[in-house]
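Residue numbers (the working numbering), protein chains in the order written: chain A, 1251 to 1428; chain B, 1251 to 1428. Notes follow once the structure below has been shown.
There are 2 protein chains.
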Amino acid sequence: MSDKKTQMLDAMAAHVLAHGLNNASLRPLAKAAGTSDRMLIYHFGTKNGLIEALLMHLAAQMTFGLNALLPEAPMPSRRALFETVIAATRNEMFAGYMRVWHDIVAAAAQGSATHKAAAGQIIDGFVDWIVKRLPEGEAAPERTARAILTMIDGVLLMDAVGHAEMAEAVTEAFFPLE
Amino acid sequence: MSDKKTQMLDAMAAHVLAHGLNNASLRPLAKAAGTSDRMLIYHFGTKNGLIEALLMHLAAQMTFGLNALLPEAPMPSRRALFETVIAATRNEMFAGYMRVWHDIVAAAAQGSATHKAAAGQIIDGFVDWIVKRLPEGEAAPERTARAILTMIDGVLLMDAVGHAEMAEAVTEAFFPLE
DNA sequence: CAATAAATGTAGCAAGTGCTACAAAAATCT
DNA sequence: AGATTTTTGTAGCACTTGCTACATTTATTG
């Protein structure tokens, strides 16, 4: 991929993180990238092509940011791991990604294969991340990681609709102090 | 509320369940309700007013459908309750509501107070529903219900992006057979 | 029955949508 | 250098968006 395209994608990703993905249209995106709608179509063929490239770009960014978050070492307990992730997703730095994440989910729910693919990529990255940080002695790490990620996404959803207190209930009910 | 408005809302709710909420526009909604965009604005003042009314209508419908799903009696175990709910949300009958749910979440994540309010209503209804069906002898039923609902929403999200297999991981990891 | 209010149809506006036609400049290749 | 391909600007098209102006019909009320 040419440098120019990558640069455009960076700028557009930033725009999407600030203004949302699902109602992004060509002209504002072009403006954010310092170019014209004409050029976007030229480079990406069609708006769907643009969105597809943008989704892959965003997925890669998310995975990268996640990996930069915490060293690759086992956490003392599931509970600690869970709480660390939740705290991180609530960091201002990640707020844009969380919004975009729910945009992706909504589009995927409406049947968009593109968005499902992007979601799959993000999820895979996240599962790997968790597996590497699971406390030692897990019987089925992959499975546990998937279960924990699903719970995290539940909390993320609740956060999104203004029910941040749900996280606490989950922690107490499913991650008891040992 | 007048009968006419209720009738319109029913028709528009059906349309939204089939075609999505976030990209619904006045003319298609009007067509679905057998009227004109002009009339929708007349009755609801503005599009936001319409969406607000529609959200409340949908929230009520969801709560109603949920209550019709299962008798109001304690389930034998958390696991059974969880599995029953998941199976229900996967029923074709509820597919439209699940799509709309994720639309609501996405809009709420972007900051819409209207959508947050609707989500809150749906969540409250769901928590009540769970509390009434929790196995007997729960120490903190309300808290447990919130925790379970959060997990359900995590699974719902995974279902939406095509990862239905996550439910299994959650069941095994967090609802062990006793 | 007359007067007032509620309800609706027709037409349209200004802004935004994805995308295209056409032509000119800039870079690349032979 | 000449030919050819890549890249870009300007304009615009056909359509959709939320919403409004104006006139007319239909119901309600004194």
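Yeah, the Cβ is synthetic: ideal placement off N, Cα and C, and Gly gets one too.
Within chain A, the residues that H1265 of chain B reaches when beta carbons sit closer than 9 angstroms: Sequence index remark: in the second sequence, residue 1265 of chain B carries index 15 (1-based). Result: empty, since nearest Cβ-Cβ is about 14 angstroms, beyond 9 angstroms.
At the level of alpha carbons, what is the spacing between A1367 of chain B and D1253 of chain A? The sequence position of residue 1367 of chain B within the second sequence is 117, counting from 1. The sequence position of residue 1253 of chain A within the first sequence is 3, counting from 1. If you take the alpha carbons of A1367 of chain B and D1253 of chain A, they lie about 44 angstroms apart.
Let me check understanding here. Comparing Cα to Cα, which of A:A1410, A:F1376 and A:V1405 lies closest to E1418 of chain A? For the purposes of this step, residue 1418 of chain A is identified with residue 168 of the first sequence, where counting begins at 1. Comparing Cα-Cα distances from E1418 of chain A to each of A:A1410, A:F1376 and A:V1405, the minimum goes to A:V1405.
Do F1344 of chain A and A1337 of chain A have their C-beta atoms within less than 8 angstroms of each other? By 1-based counting over the first sequence, the position of residue 1344 of chain A is 94. By 1-based counting over the first sequence, the position of residue 1337 of chain A is 87. Result no, Cβ atoms of F1344 of chain A and A1337 of chain A do not sit closer than 8 angstroms.
The alpha helix (DSSP H) with A1282 of chain B in it runs from where to where? Position 32 of the second sequence, counted from the start, is the residue given in the question as residue 1282 of chain B. Where A1282 of chain B is concerned, the enclosing alpha helix (DSSP H) stretches over L1276 to A1282.
Going by C-alpha to C-alpha distance, which of A:R1328, A:D1353 and A:G1375 sits closest to Q1360 of chain B? Here residue 1360 of chain B is taken as the residue at index 110 of the second sequence, counted from 1. Of the candidates A:R1328, A:D1353 and A:G1375, the one whose C-alpha sits nearest the C-alpha of Q1360 of chain B is A:D1353.
Among A:E1322, A:A1410 and A:L1384, whose alpha-carbon lies nearest the alpha-carbon of A1356 of chain A? Working through the first sequence from its first residue, we reach residue 1356 of chain A at position 106. Checking every option, the nearest Cα to that of A1356 of chain A belongs to A:A1410.
Among A:L1271, A:K1297, A:A1309 and A:H1265, the one whose alpha carbon lies nearest that of G1375 of chain A: Here residue 1375 of chain A refers to the residue found at position 125 of the first sequence. Closest by alpha carbon: A:A1309.
Any residues in the stretch 1396-1410 of chain A with a beta carbon nearer than 9 angstroms to a beta carbon of chain B? Which ones, in chain order? R1396, A1397, I1398, L1399, T1400, M1401, I1402, D1403, G1404, V1405, L1406, L1407, M1408, D1409 and A1410
Residue burial classification, E1302 of chain A (beta-carbon count within 10 angstroms, cutoff 16): Here residue 1302 of chain A refers to the residue found at position 52 of the first sequence. E1302 of chain A comes out buried.
Locate the alpha helix (DSSP H) running through F1344 of chain B, then write down its first and last residues. By 1-based counting over the second sequence, the position of residue 1344 of chain B is 94. First-last of the alpha helix (DSSP H) with F1344 of chain B: E1342 to A1359.
For T1394 of chain B, would you say it is in contact with chain A, using Cβ-to-Cβ distances shorter than 8 angstroms as the test? If you number the second sequence from 1, residue 1394 of chain B lands on position 144. Yes, its Cβ sits closer than 8 angstroms to a Cβ of chain A.
Say whether the stretch 1287-1300 of chain A touches the stretch 1321-1335 of chain A, bearing in mind that this needs 3 or more beta-carbon pairs closer than 8 angstroms, one atom from each stretch. no
Closer than 7 angstroms, Cβ to any Cβ of chain B: which residues of the stretch 1347-1368 of chain A, in chain order? M1348, R1349, H1352, D1353, V1355, A1356, A1358, A1359, Q1360 and K1366
Among the candidates B:A1395, B:Q1257, B:H1269 and B:H1307, whose CA atom is the shortest distance from the CA of V1335 of chain B? For the purposes of this step, residue 1335 of chain B is taken as residue 85 along the second sequence, with counting starting at 1. Checking every option, the nearest Cα to that of V1335 of chain B belongs to B:A1395.
What three-state label does DSSP hand G1375 of chain A in the structure shown? Counting from 1 along the first sequence, the entry for residue 1375 of chain A is found at position 125. Note: G1375 of chain A maps to helix in three-state DSSP.
If the cut-off is 7 angstroms on Cβ atoms, which residues from the stretch 1373-1388 of chain B count as contacting chain A, listed in chain order? I1373
Chain A residues whose Cβ lies nearer than 9 angstroms to that of G1270 of chain B: As a working note, residue 1270 of chain B is residue 20 in the second sequence. Those are A1356, A1359 and Q1360, listed as they occur along chain A.
Taking only three categories from DSSP, how would you classify H1413 of chain B? As a working mapping, residue 1413 of chain B is identified with position 163 in the second sequence. Coil, per DSSP.
Step through the CB atoms of chain A and report whether any lies within less than 8 angstroms of the CB of E1429 of chain B. Because chain B is modelled from 1251 through 1428, residue 1429 of chain B falls outside the range shown and cannot be assessed.
Exposed or buried, what is L1304 of chain A when buried is set at 16 or more other beta-carbons lying within 10 Å of its beta-carbon? In the first sequence, counting from the first residue as 1, residue 1304 of chain A sits at position 54. With 16 or more other Cβ atoms within 10 Å, it is buried.
Roughly how many whole angstroms lie between the Cα atoms of H1307 of chain B and D1260 of chain B? Stepping through the second sequence from its first residue, residue 1307 of chain B is reached at position 57. Stepping through the second sequence from its first residue, residue 1260 of chain B is reached at position 10. Using only the alpha carbons, I get a separation of about 8 angstroms.
With a threshold of 6 angstroms on Cβ separation, who are the neighbours of A1274 of chain B within its own chain once the five nearest residues in sequence on each side are excluded? Counting from one through the second sequence, the residue named residue 1274 of chain B turns up at place 24. Contacts found: V1266.
Check whether chain B comes within 8 angstroms of M1416 of chain A, counting only Cβ atoms and requiring the distance to be less than that. On the first sequence, residue 1416 of chain A is found 166 positions in, with the first residue counted as 1. So yes, M1416 of chain A belongs to the interface.
Which residues in chain A sit within 8 angstroms of F1424 of chain B, going by Cβ to Cβ distance? Here residue 1424 of chain B corresponds to residue number 174 of the second sequence, with the count starting at 1. Ordered by position in chain A, the residues that pass the 8 angstroms Cβ test against F1424 of chain B are A1397, M1401 and F1424.
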